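Student: Numbering-wise (the numbering used here), the sequence shown opens with residue 169 and increments by one.
The beta carbon of each residue, even a glycine, is placed where N, CA and C say it ideally should be.
Since we're looking at a predicted model, the values are computed, not measured.
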Amino acid sequence: MAFHRRGGSARSYRWLLVATIAAGIGVLVANTATSSASRAHKLAGSPIITYTFADVNTQGPQYKNIVESARVYGKWINAHGGVNGHPLTVKLCDMHGTPTAATACARKAVADHATAVIGSFSFTGDAVVPTLQAAKTAYFGLCCALSPTEFHSPVSFPTGNQPLYGVGLVARAVHDGCKKMVGVIIQGAEIFEPFMTNAAKHLGTTITYVSLPATAQDYSPQVAQATSGGTDCILTIVSETPYIAWMGPFSQLGHYVRMYGPQGNLDEAVIAAAPASVTNGDVISAMFSSLSLPAWADYRSALKTYKADPKQYYDTFGGQGTWAAYLEFAQIVKGMKGPINNKTFLAAASKAKIHLPGIVPDMDLSKPWGKVGGPAGLYRLFNRSVIFNKVENKKIVPLTTKFQDVGNLAK
169 MAFHRRGGSA
179 RSYRWLLVAT
189 IAAGIGVLVA
199 NTATSSASRA
209 HKLAGSPIIT
219 YTFADVNTQG
229 PQYKNIVESA
239 RVYGKWINAH
249 GGVNGHPLTV
259 KLCDMHGTPT
269 AATACARKAV
279 ADHATAVIGS
289 FSFTGDAVVP
299 TLQAAKTAYF
309 GLCCALSPTE
319 FHSPVSFPTG
329 NQPLYGVGLV
339 ARAVHDGCKK
349 MVGVIIQGAE
359 IFEPFMTNAA
369 KHLGTTITYV
379 SLPATAQDYS
389 PQVAQATSGG
399 TDCILTIVSE
409 TPYIAWMGPF
419 SQLGHYVRMY
429 GPQGNLDEAV
439 IAAAPASVTN
449 GDVISAMFSS
459 LSLPAWADYR
469 SALKTYKADP
479 KQYYDTFGGQ
489 GTWAAYLEFA
499 QIVKGMKGPI
509 NNKTFLAAAS
519 KAKIHLPGIV
529 PDMDLSKPWG
539 KVGGPAGLYR
549 LFNRSVIFNK
559 VENKKIVPLT
569 TKFQDVGNLA
579 K
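#1: Using the Cβ count rule (16 or more neighbours within 10 Å means buried), how would you classify residue 390?
#2: Touch check for the region 324-333 and the region 343-352: three-plus C-beta pairs under 8 Å?
#3: Looking only at DSSP bridge pairs, what is residue 326 linked to?
#4: Count the other CB atoms, across all protein chains shown, that sit within 10 Å of the CB of residue 540; report buried if there are 16 or more and exposed otherwise.
#5: So what does DSSP say about residue 445, is it helix, strand or coil?
#6: Roughly how many angstroms separate the alpha carbons of residue 197 and residue 427, rounded to a whole number?
#7: Report buried or exposed for residue 142, applying the criterion of at least 16 other Cβ atoms within 10 angstroms of its Cβ.
#8: Roughly how many angstroms lie between the CA atoms of residue 263 and residue 311, to the nearest whole one?
#9: To the nearest angstrom, how far is it from the Cα of residue 355 to the Cα of residue 404?
#10: Grouping DSSP H, G and I as helix and E and B as strand, with all else coil, what is residue 455?
#11: So, with DSSP's three-state summary, where would you put residue 578?
#12: From residue 419 to residue 444, what does the alpha carbon distance come to, in whole angstroms?
#13: Name the residue from 531, 225 and 285 whose alpha carbon lies nearest to the alpha carbon of residue 216.
#14: If you draw a straight line from the alpha carbon of residue 400 to that of residue 424, how long is it in whole angstroms?
#15: Evaluate contact between the region 473-482 and the region 493-511, counting only Cβ atoms and requiring at least three cross-stretch pairs below 8 Å.
#16: Return helix, strand or coil for residue 539, following the three-state DSSP convention.
#17: Can you find the residues in the same chain that come closer than 6 Å, C-beta to C-beta, to residue 456, ignoring five residues on each side of it along the sequence?
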C-alpha cells in the first residue's frame, strides 16, 4: 500500500502590516498582548504527550507526510488553545521499515508515558501492538490497518476504512454501469479480493483479477490480460510507483477503459503519466473527502503556516488520515474529566462517539464492526464508508460529498 499524494505548498504567508496612525498601532499591540496572555493561560494545563510512527528513512515506501502532518498539527493546536487547555507535545518515531525499529518505537512511546500513539501507519503492526497493549496505550486513528493485531487488539482504533475502499471501487463501478470489471491487485494486497468479490456478488455481477508484481517493471502482459475480452472498467489496488509504470503500456491501448483507483495512489503523478484522454472520467475511491473542500481549510492553512515539506503529498490516506486522527483524539480528550493519561484515554476512546462532519463519517468506537455483525477478520474496523473523487483534465475534483456506507456489501 502507498499513500503518496500531492504535497501542500510550503510557501510561508507574507503578512503585510499597514500602519496608519499611532493610535491604531497602540490598539494592535494591546490586543496582541491580551491574546498572548489569554493563550498562555489556556495552555496552563499539564502537557499531553503523543507519538506518531511512520517509515521515513528506509529503502521501502516512505511516509514522511504522516510525520509532517503530525508535527504541523502539534504546532497548529497549540496556537489555537491546545487540547482542552493542555499543550500538546507531538513526538515522532521513524520505524525505518523494520519490525525491530517498529517495536523500538512502541517501547519508546511507553517509556515516555505517551497518552496515545496517533495516526500512524506500519507494514508491521504486529511488531507494535503487543507492546502498546501490555502498557494499556491506545494505537489510535490508524488510516490503514493491515495486521491481525491491528484488527483485533482492544487498544487498536483504526478510523480509516481500509480495506473497504476496494469495496467502494466495486460499488461505484456498478453504479456507473460497468459490465465487465477486472481488479488489478498489487502483490501483497490480496486481502482486498474476497471483500471486492463479495461486493460484486451482492450487486449481481462478477469481478476477475490480475496480479501485478510489486516491483515496477514492464507491465505490458498484465495490461493485455486485464483489458482483453471487452473489459470496460479496471479496478486498481496499486501503489503509486508501479501505477506509473502501468500507465505506459495502458496508454497504448488505443481505446478507453475507465479506471477506478484508491485515493493517494491514483494521484496526479499517475495521471500525469498518461494523456488526458486516457484518464478523463477515472474515479477515485477515498477515505477522506477532497482536500479542496471547506472541512480541510485548517489543514491546508497549517501546512502552509508551519512549512510542511513541499516534496510530500498530503491529500492522501497518510496525510489527511493523520490530521483526522489528531482531530478525533482532541475531540475525545475535550470530553474527558479528571487526569489525562494512557489508561484514562484508552477508557474514554473505548466508549467515544466521533462527530467530525466532512472529515470522517460518524463513528461509535464502542461498537467495532465485529461486535455488530461484521466479519471476524475485521473486528476492530469502525469506518465502513467511502467517498469519491474523479479526474477532469488531469485534475482531481470531488465527485461526491457524502460518505457512503459499503459495509454490508463486503460481508
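Tutor: Result, derived from the coordinates:
#1: Residue environment: residue 390 is assigned as buried (16 or more neighbouring CB atoms within 10 Å of its CB, all protein chains considered).
#2: The region 324-333 makes no contact with the region 343-352, as fewer than three CB pairs between them are under 8 Å.
#3: Partner(s): 310.
#4: Counting Cβ neighbours within 10 Å, residue 540 comes out exposed, since fewer than 16 surround it.
#5: The answer is helix: DSSP assigns residue 445 an H, G or I state.
#6: The pLDDT assigned to residue 197 is 35, lower than 50, so where the model puts this residue is not dependable, and the model offers no usable value.
#7: Since the displayed the chain opens at 169 and closes at 579, residue 142 lies outside it and no answer follows.
#8: Rounded to whole angstroms, residue 263 and residue 311 show a C-alpha spacing of 17 Å.
#9: Cα to Cα, the separation comes out at about 12 Å.
#10: Annotated three-state conformation of residue 455 is coil, per DSSP.
#11: Three-state result, residue 578: helix.
#12: So the two alpha carbons sit approximately 10 Å from each other.
#13: The alpha carbon of residue 216 has as its nearest neighbour, out of 531, 225 and 285, the alpha carbon of 285.
#14: Taking the straight line joining both Cα atoms gives about 8 Å.
#15: No: the two stretches stay apart, fewer than three of their Cβ pairs being nearer than 8 Å.
#16: When secondary structure is reduced to three states using DSSP, residue 539 falls in the helix class.
#17: Only residues of its own chain outside the window of five on either side were considered, and among them 488 have a CB closer than 6 Å to the CB of residue 456, listed in chain order.
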